[in-house]
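Input: a single structure, listed below in structure tokens.
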Amino acid sequence: MAGTRILTLNEVIIQKQSAFPYAKGELSRLLSHIGLAAKIVNNMINKAGLETSIIGETESINIQGENQQKLDVYADETFTKAIQASGLVCGIASEECDEITVFDDDLSRDGNYVICMDPLDGSSNIDVNVSVGTIFSVYRRTTPHGQKVTKKDFLQQGNKQVAAGYIIYGSSTMLVYTTGLGTTGFTYDPSIGEFCLSHYFMVTPKTGKIYSINEGNYIKFPLGVKKYIKYCQENDPESSRPYTSRYIGSLVADFHRNLLKGGIYIYPKTASAPNGKLRLLYECNPIAFLAEQAGGMATDGYGNRILDIQPKDIHQRVPFFTGAKAMVEKAEEFMKEFGDGE
Ligand code: AHG
Ligand code: MN
Ligand code: MN
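Letter by letter, the sequence shown follows residues 1395 to 1736 in this note's numbering.
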């Protein structure tokens, strides 16, 4: 857009600050710190093919039972440090850590917020130069000031999120976030080292032509999902079917594409994973908040809005259906009719 002034992430969050008078600019400052960590991690990811010290697996297995990649650990440490340095956050729950991390230093102890994060999403894609991401979710603390936060502060329904977002390290790097006033996207310009406003008010199409699911697990899917997949594959030019199948295996990248183009992403429960694979706190709640703020929808496939689920455990998993409203509603119809049956 020739002649249009470039707006950076920091400028936009300061402008939007007036919408949160109670927050005294805190949320804005926190988002700036997250933006800084994103730049550092982005820099490392860009060099991943050259820096042999950063690609590949570590010796350890995380709480999710998955082999930790070196970049999982690097991203976790980088985001944790940047968030702690803000002084606004008193604790973090990370997909990579068994337990919550409570900040007990003078600067952070009285922070008003707690954060849940997936520091590196899609990390199995890192060694093969495929898009990965970071997902974050911000809540107000519930434990009174003066006392240490506990797990309970993190076990809040997604509808209590005050902000959520992701960074996609893709063909370009983007930061997409919401504070409940729509979904906004920024694209990283490496020549000036800034996230610049590129997608002011993201609205996902009401319906779409893309379905994203790991069809390798087909045999193990609930019958409702199998029937919905067949519906997506049927020939019906009037409703643009057959749809097209796209699956990267990085939630952030699959969701981002569908958000822009119109589509549905499904990670259902399977015979071997009775609650699905994706994590409610680190992946599904923040993505659901962004989806809804862009006019989309997110459910567990059994008629329950993701954001209304009461978490019982920080690492809890949940089946996940998200994307264009009409498509999620259609998938829900199939689930209602056929359920989990054989
Ligand atoms: P993570 O790398 O944070 O563990 O997340 C991986 C997730 C998600 O990004 C992706 O959509 C999904 O796992 C892919 O799982 P499958 O390989 O089972 O399809
Ligand atoms: Mn993930
Ligand atoms: Mn991860």
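Built from N, CA and C at the ideal position, the CB exists for glycine as well. Just so we're clear, the structure is a prediction, and the values are computed from it rather than from any experiment.
Per-residue burial, residue i [other beta carbons within 10 Å of its own, 16 or more giving buried]
i, result
"Q1627", "exposed"
"E1490", "buried"
"K1441", "exposed"
"P1538", "exposed"
"F1595", "exposed"
"V1597", "exposed"
"E1632", "exposed"
"I1407", "buried"
"L1444", "exposed"
"V1522", "exposed"
"L1501", "exposed"
"R1535", "buried"
"Y1612", "exposed"
"K1663", "buried"
"P1584", "exposed"
"G1579", "buried"
"K1624", "exposed"
"I1586", "exposed"
"N1679", "buried"
"M1395", "Any answer about M1395 is weak, because its pLDDT of 46 lies below 50 and its placement is not dependable; what the coordinates show is given next. Under this definition M1395 is an exposed residue."
Beta-carbon spacing of residue i, residue j below 8 Å
i, j, result
"G1697", "N1652", "no"
"I1494", "F1530", "no"
"I1703", "L1675", "no"
"A1479", "P1513", "no"
"T1573", "L1421", "yes"
"T1693", "E1727", "no"
"G1527", "G1540", "no"
"A1688", "K1614", "no"
"A1720", "K1600", "yes"
"V1467", "V1508", "no"
"N1356", "V1619", "A question about residue 1356 goes unanswered here, because the residues of the chain that appear run from 1395 up to 1736."
"I1749", "V1524", "Residue 1749 lies beyond the residue range present for the chain, which begins at 1395 and ends at 1736; the question has no answer from this structure."
"L1591", "L1424", "no"
"I1660", "I1607", "yes"
"G1485", "F1473", "no"
"N1436", "T1567", "yes"
"F1589", "T1581", "yes"
"N1404", "S1426", "yes"
"Y1560", "V1483", "no"
"L1684", "V1556", "no"
"G1733", "P1636", "no"
Where residue i sits in the DSSP three-state scheme
i, result
"V1467", "helix"
"Q1627", "helix"
"G1735", "coil"
"M1729", "helix"
"Q1541", "coil"
"L1591", "strand"
"E1632", "helix"
"A1396", "With a pLDDT of 46 at A1396, under the threshold of 50, the modelled position of that residue is not reliable, and no figure is offered here."
"G1670", "strand"
"Q1462", "strand"
"A1487", "strand"
"F1548", "helix"
"I1708", "coil"
"R1651", "helix"
"Y1605", "strand"
"E1493", "coil"
"G1618", "helix"
"I1642", "coil"
"L1675", "helix"
"S1454", "strand"
"L1425", "helix"
"D1500", "coil"
"P1599", "coil"
"S1518", "helix"
"A1720", "helix"
Cβ-heavy atom distance, residue i to ligand 1, below 7 Å
i, result
"S1517", "yes"
"D1648", "yes"
"Y1661", "yes"
"K1542", "no"
"N1608", "yes"
"K1614", "no"
"G1643", "yes"
"E1460", "yes"
"L1684", "no"
"L1672", "yes"
Any non-hydrogen atom of ligand 3 within 7 Å of residue i CB
i, result
"E1453", "no"
"D1521", "no"
"D1466", "yes"
"E1489", "yes"
Quiz: which residues have CB nearer than 6 Å to ligand 2 non-hydrogen atoms: Contact residues of ligand 2 (beta-carbon closer than 6 Å to any heavy atom; chain order) are D1512, D1515, L1645, E1677.
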